[in-house]
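556 is the number that the working numbering gives to position 2 of the sequence shown; each next residue is one higher, with no gaps.
For every residue, glycine included, the Cβ atom is placed at its ideal position computed from N, Cα and C.
Since the structure is predicted, the reported quantities are computational estimates derived from the model, not experimental observations.
Structure first, then comments.
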Amino acid sequence: MNERATLRVNEKGHLEIGGADCVELANRFSTPLYVYDEAHIRNMMRVFKNTIKEEYNGNGQVLYASKAFSCEAVYAIARSEKIGVDVVSGGELYTALKAGFPAEEIYFHGNNKLERELEFALDGKVGTIVVDSYREADILNEMCLTRGIKQNVLVRINPGVEAHTHAYVQTARTDSKFGFSVADGAAKNVCEYVLAKSNLCLKGYHCHIGSQIFEKQSFVIAAEKVLDFSSTIKKELGFEASIINLGGGFGVWYADDDPKLKLNDYNDYLKAVISAVKRKVKENNLKEPYLLIEPGRSIIAEAGITLYTVGAIKNIPGIKKYVAIDGGMFESPRYALYQSKYTVLLANRANEPCTEKVSIAGKCCESGDLIAVDVPLPEAKSGDILAVLTTGAYHYSMASNYNRNFIPAAILVNEGKADYILKPQTYEDLVRNDLIPERLTK
Ligand code: LLP
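Structure below.
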């Protein structure tokens, strides 16, 4: 079990998170239920923020990558921890603004931002837009010209770093839909193009090398490459970046194969990145840029667990035992998408030894709707409360209403107090946008 979150087993043998008994939470709020530990979220935001403060004179900012989990409450927490956020769609932007998040601290990403999203970002006075195509540079400049404003932008570059992670979540190889490659000169060309735009104010560069990465060295190499690129552009185009955004991607613990990082380890990752930045600044005779990082998963993943109620159990002797739960790929899609591993336990019998290996099946009409395969568990019975750990990132944010199942509610727990941050859906929510054309009613 994760040592950093406030997860523990209490006197009743029940799993507890943020001082709240998971069995009581399941009874009170019903299942499936996303549960978030506020202390853990805040701790992670502070670790990154403090490292920038201590190792880099506070000359930078942590941006919470809100694609990992976007809802009004999480922007409110980020706000109160005085960090910024990144958003990747009009929807995330709308949510952040609705939560009262200051627009100047919002960074807007995306490889194909829609015109209406760019308009919305300009209407909302978003601080910085990360340009990812020539088309975007053209459209954005036109829009700014019409409005008589100058917009701060970064250019997304691709430093070509191979990060060791699942292929689907690598984003900075040369073959990537994201960013302009440094290696083939595309990054330099787009900088020249953006610098010539009358109403765009280029501030610097952004890169993101992938997600769920544990190799410190990948981040260090990326930082070095971005700073070298900055030096090249200074020499060749006479422009020196004042902002460098090195993206997110720090890994988290899901299951036994993953290292269990402590707060200090995240501190060390960032320290290594910062010292690479400082070294390159010196070597290339640059000014120390304002440093941005964008952790999403590492801030929110381990803060979240999902609670379920066990329903049907199907034993196929010699083959598999399926333990079915009241959730599934509609609210927990990462096994179906990436075969991601998870740690599961019975929240109501958390001290009991595991006696068998089972597969956790969802309730969707699809054989691939599994949450975990061959995981150890005590003998589960219908009515048990099953907890899946490390579900705070890319679960709710990737959930759907597949099979017209409800996207579960989410609660935030802290020192035993629990509040809804996302209300439960109702049948009415599911049909809210349905229409029957009149000709079908005759
Ligand atoms: N910045 C940019 C530009 C990104 O594309 C991402 C993630 C992040 C920051 C945050 O990365 P993190 O610290 O969370 O690793 N759905 C996948 C993850 C996709 C990540 C996409 N980009 C999953 O469930 O594993």
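Apart from sequence neighbours up to five positions away, the residues of its chain that approach Ile-797 with a beta-carbon distance below 7 Å are Leu-708, Lys-757, Gly-758, Pro-843, Tyr-844 and Leu-846, ordered along the chain. Residues of the same chain with a CB within less than 6 Å of the CB of Ala-866, apart from the 5 flanking positions on each side, are Ala-878 in chain order. Annotated three-state conformation of Leu-846 is strand, per DSSP. In this structure, Val-774 sits away from Cys-761, with a CB-CB distance that is not shorter than 9 Å.
Between the ligand LLP and Met-952, a heavy atom-to-CB distance of less than 8 Å is present.
Judged by DSSP secondary structure, Val-864 falls within the beta strand (DSSP E) whose first and last residues are 858-870. Exclusion of the five residues before and after Met-599 leaves Val-616, Tyr-618, Ile-631, Ala-632, Glu-635, Ile-637 and Ile-853 as the residues of its chain whose Cβ lies within less than 8 Å of its Cβ. Within the stretch 623-647, the runs of beta strand (DSSP E) that reach at least 3 residues and sit entirely inside it are, in chain order, 638-641.
Taking the Cα of Ser-730 as reference, the smallest distance to any Cα among Lys-742, Ile-711 and Ala-657 is reached at Ile-711. With a minimum length of 4 residues, there is no unbroken run of alpha helix (DSSP H) contained wholly in the stretch 896-921.
Here DSSP, grouped into helix, strand and coil, assigns Ser-829 to helix. Three or more beta-carbon pairs drawn from the stretch 908-928 and the stretch 957-964 are found closer than 8 Å, and the two stretches are therefore classed as touching.
Taken atom to atom, the span from the alpha-carbon of Gly-937 to that of Ser-894 is near 26 Å. The bridge partners DSSP lists for Lys-971 are Asn-968. For Arg-670, the enclosing alpha helix (DSSP H) covers residues 669-677.
Assigned with DSSP and collapsed to three states, Tyr-747 falls in helix. For Ala-941, the enclosing beta strand (DSSP E) has its first and last residue at 939-943. For Phe-602, the Cβ stays outside the 8 Å cut-off from all heavy atoms of the ligand LLP.
Close CB contacts of Asn-955 within its chain, under the 7 Å cut and outside five residues either way in sequence, are with Phe-884, Ile-961 and Leu-984 (chain order). Under the three-state reduction of DSSP output, Phe-804 falls in the strand class. Ranked by Cα distance from Val-736, the first of Gln-766, Ile-787, Thr-700 and Ile-925 is Ile-787.
The residues Ile-606, Tyr-844, Leu-845, Leu-846 and Ile-847, in chain order, have a CB closer than 8 Å to that of Gly-614 in the same chain once the five nearest residues on each side in sequence are set aside. Apart from sequence neighbours up to five positions away, the residues of its chain that approach Gly-801 with a beta-carbon distance below 6 Å are Cys-761, His-762 and Glu-848, ordered along the chain. Within a 10 Å sphere around the beta-carbon of Ala-750 sit fewer than 16 other beta-carbons, which makes this residue exposed. DSSP places Ala-947 outside both helix and strand once states are collapsed to three, so it counts as coil. A contact is defined here as three or more CB-CB pairs under 8 Å, and the stretch 830-838 fails this definition with respect to the stretch 568-575. With distances taken between CA atoms, Gly-567 lies nearest to Ala-904 out of Ala-904, Ala-717 and Asp-923. Per DSSP, Arg-710 is not a residue of any alpha helix (DSSP H); the beta strand (DSSP E) it occupies stretches across 705-712.
Inter-residue distance for Gly-850 and Tyr-950 is about 13 Å (C-alpha atoms, whole angstroms). Assignment of Val-684 by DSSP, reduced to helix, strand and coil, places it in the strand class. Within 8 Å of the C-beta of Gln-766 there is at least one heavy atom belonging to the ligand LLP.
Minimum Cα-Cα distance from Trp-807 among the listed residues Glu-646, Val-942 and Gly-654 corresponds to Val-942. Inclusion of Ala-934 and Ser-913 in the CB contact set at 9 Å is not warranted, their separation being larger than that value. Taking a cut-off of 8 Å on C-beta distances, the stretch 974-983 does not touch the stretch 639-650, as fewer than three cross pairs fall below it. When only Cα atoms are considered, Phe-732 and Asn-869 end up about 45 Å apart. At least one heavy atom of the ligand LLP lies closer than 8 Å to the C-beta of Phe-804.
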